[in-house]
Amino acid sequence: MSGTTTNPGDVPEPRDRITPGSDDAAPQSGETTPQSDETAPQSGDAISSIGGAVSQSGDAISSIGGAVPQPPGAAPHASNTVAPPSSKTGRFGRRSLFAGIGAAAVTGAAGFALGRMGGAAPVAAPDPTASATEQPALAEAHRLPGATWPEVPPRHLTVAVLTLASTAPADVSAAIDAIRSATNEVTPDAGELTVLVGVAPALATTVWPDRVAHADPLPTFRNDRAPFLAAGDLLVEVCAETAAAVADRTKAILAAVPDATVLWRNNGSRDAPTPAGTTRTPIGFVDGIINPRTTELLESGVWTGNGRDTYAVVRRMHIESTFTDLPVPEQEEAIGRRRDTGAPLSGGDGMAEVDLFAKSETGRLLTPTAAHARRAHPSNIGRPLMLRRSYPLGDTPGAGLLFLAFFNDPATFVMTQRRLDEQDGLISHTYTDAGGVFFVPDPDIA
Numbered sequence: 008m009s010g011t012t013t014n015p016g017d018v019p020e021p022r023d024r025i026t027p028g029s030d031d032a033a034p035q036s037g038e039t040t041p042q043s044d045e046t047a048p049q050s051g052d053a054i055s056s057i058g059g060a061v062s063q064s065g066d067a068i069s070s071i072g073g074a075v076p077q078p079p080g081a082a083p084h085a086s087n088t089v090a091p092p093s094s095k096t097g098r099f100g101r102r103s104l105f106a107g108i109g110a111a112a113v114t115g116a117a118g119f120a121l122g123r124m125g126g127a128a129p130v131a132a133p134d135p136t137a138s139a140t141e142q143p144a145l146a147e148a149h150r151l152p153g154a155t156w157p158e159v160p161p162r163h164l165t166v167a168v169l170t171l172a173s174t175a176p177a178d179v180s181a182a183i184d185a186i187r188s189a190t191n192e193v194t195p196d197a198g199e200l201t202v203l204v205g206v207a208p209a210l211a212t213t214v215w216p217d218r219v220a221h222a223d224p225l226p227t228f229r230n231d232r233a234p235f236l237a238a239g240d241l242l243v244e245v246c247a248e249t250a251a252a253v254a255d256r257t258k259a260i261l262a263a264v265p266d267a268t269v270l271w272r273n274n275g276s277r278d279a280p281t282p283a284g285t286t287r288t289p290i291g292f293v294d295g296i297i298n299p300r301t302t303e304l305l306e307s308g309v310w311t312g313n314g315r316d317t318y319a320v321v322r323r324m325h326i327e328s329t330f331t332d333l334p335v336p337e338q339e340e341a342i343g344r345r346r347d348t349g350a351p352l353s354g355g356d357g358m359a360e361v362d363l364f365a366k367s368e369t370g371r372l373l374t375p376t377a378a379h380a381r382r383a384h385p386s387n388i389g390r391p392l393m394l395r396r397s398y399p400l401g402d403t404p405g406a407g408l409l410f411l412a413f414f415n416d417p418a419t420f421v422m423t424q425r426r427l428d429e430q431d432g433l434i435s436h437t438y439t440d441a442g443g444v445f446f447v448p449d450p451d452i453a
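Below is the structure:
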């Protein structure tokens, strides 16, 4: 396709409305009695993204940002495309190397992968020129644009949270249709442009009463900072390989819903992916290693049971200089992984899973008890993997993250975040000033 593009800075910013978050939340259980990690497996990270609605053309595609160790024997799922498969074999081009090859790198509810091998020899960084075995693409039934597809997240994103002039069910449906139908010319280098729409759960129950089982908003968490920008009515996520394509489509979407007000909005951008589909966060750690990539894991932890219906959480997080000013070895202890290679402190290479039980010869846990990789591990709460798809903040000074994650029950995120509130070497250096949870309807179900 051909057409004109605009600079992201050219997109008009509708006036924002601030809804202060509550500062009266009950104290977190872990604020006075942090849980011991000496005997129980703990660790991990939680992260990322919003369910999609529309996917358009292009030449770039691929993989899901990682989250938590997969069950033994789970086949690594992957494969990205630079366009649709060129033959009946379903094989893909060079970008297919970026699909989730293997699984392993934990990142936190903030979305960072970590680690330094305690006492072990350094692990060599992966060879960026190494080839990878091409994998079949994710099954069509599990491709939700903006969430699971493209499998390797596009380089650029805009998240906008809107409030509507009317929340009558018919008006909500009309606004969603207008957003999904908004269009503009897209240049070929934009790759596969996607648009995802989410609806505040309580509002979604009035539109799809038989599909929305969880209607509560997110509670207040320990590091939420007032004035907090609350959930809003609609979540809009636009992704593409170029910032101009994202800006152009966002502008068209806002023009299509002139009665909507932007509550808050941010751009995000990711570094170029490695051959394994991972990328580096603003604090320099590797992100995107472990995520639900198989049909079984998506069905158990992401889809609600009605097609590709899911829930998404989005949170705008800021990492303070109290973390970035730490010596690298101390940052690695806080994360649980090496900064240079992404290898776990417990041992292994950059794509290895964290071993929560590994100890040194003197009996010391190699993954510290407060390490983000340990605290966010899903085994701590007995829940399936959430799908993380976060982006570094692209228009905010300092280190920050648009944390995006998908799951079939918001309790998965809430339980994980509560553990991070209790004790976490990374999260204790962060604050969040905007966010919410949204129901993301499968765009193919009326």
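Take any residue in the sequence shown, note its place counting from 1, add 7, and you have its number in my numbering. A virtual CB, placed ideally from N, CA and C, is assigned to each residue, including glycine.
query	result
Reduced DSSP category for I290 - H, G, I as helix; E, B as strand; rest coil	coil
P224 versus E368: straight-line alpha-carbon distance, rounded	46 Å
CA-to-CA distance, G354 to D231, given in whole angstroms	34 Å
Cβ-based burial, E244 [other Cβ within 10 Å; buried from 16]	buried
Test item: CB-CB of G153 and L203 under 7 Å	yes
Identity of the residues DSSP links to W215 by a beta bridge	Answer by DSSP bridge pairing: none, since W215 is not bridged.
Residues that A319 bridges to, as DSSP identifies them	F413, F445
Inter-residue Cα distance where the pair is L200 and A263	18 Å
D416 to N191 span [Cα, whole Å]	35 Å
C-alpha distance - L151 paired with R315, whole-angstrom precision	7 Å
Which of helix, strand or coil DSSP assigns to S386	helix
F364 classed as buried or exposed, judged by whether at least 16 other C-beta atoms fall within 10 angstroms	exposed
Distance, C246 Cα to S188 Cα	16 Å
6 Å Cβ shell around A116 - same chain, five flanking residues per side excluded	Residue confidence is low: A116 scores 43 on pLDDT, short of 50, so the model does not pin down where it sits. No coordinate-derived value is stated.
Residues bridged to I326 [DSSP beta-bridge criterion]	A406, T437
With 16 other Cβ atoms within 10 Å as the buried cut-off, status of S397	buried
Residue environment, A175, which counts as buried when at least 16 other CB atoms sit within 10 Å	exposed
R390 versus G370, P282, F420, I326, residue with shortest Cα-Cα distance	F420
Separation of F414 from T311, as counted between CA atoms	8 Å
Alpha-carbon to alpha-carbon, K366 and A131	In this predicted model, A131 has a pLDDT of only 38, less than 50, meaning its place in the structure is not dependable enough to derive any value.
Chain-order list of residues whose beta-carbon lies under 6 Å from that of A341 (same chain, five-residue window excluded)	G432, L433
CB contact flag (P208, A220, <7 Å)	no
Presumed contact (8 Å Cβ cut-off) between G349 and V361, rounded CB distance	The Cβ separation is near 11 Å, so there is no contact.
Environment of G205 [buried if 16+ CB atoms lie within 10 Å]	buried
CB of G308 within 7 Å of CB of L411, strictly	no
C-beta neighbour in chain B for T302, strict 7 Å	The structure shown has no chain B; it contains just one protein chain.
Rounded C-alpha distance that separates S50 from T374	Reliability of the predicted coordinates at S50 is poor, the pLDDT of 37 falling under 50, and the value obtained from them is presented with this limitation in mind. When rounded, the distance between both Cα atoms is 8 Å.
Helix, strand or coil at T348 [DSSP, three-state]	coil
Collapsed DSSP secondary structure at V159 in the structure displayed	coil
Length of the line joining the Cα atoms of L236 and V321	11 Å
Helix, strand or coil at P91 [DSSP, three-state]	In this prediction, P91 scores a pLDDT of 35, lower than 50, which makes its location untrustworthy; the coordinate-derived value is nonetheless stated afterwards. Of the three classes helix, strand and coil, the one that applies to P91 here is coil, per DSSP.
DSSP three-state assignment for R300, whether helix, strand or coil	coil
Rounded C-alpha distance that separates G275 from L372	36 Å
Cβ pair N313, L394 closer than 7 Å	no
Assigned secondary structure, S462 (DSSP; H/G/I helix, E/B strand, else coil)	In this structure the chain extends from 8 to 453, so residue 462 is not present and cannot be described.
Cβ distance (whole Å) where V159 is taken to contact P280 below 8 Å	5 Å
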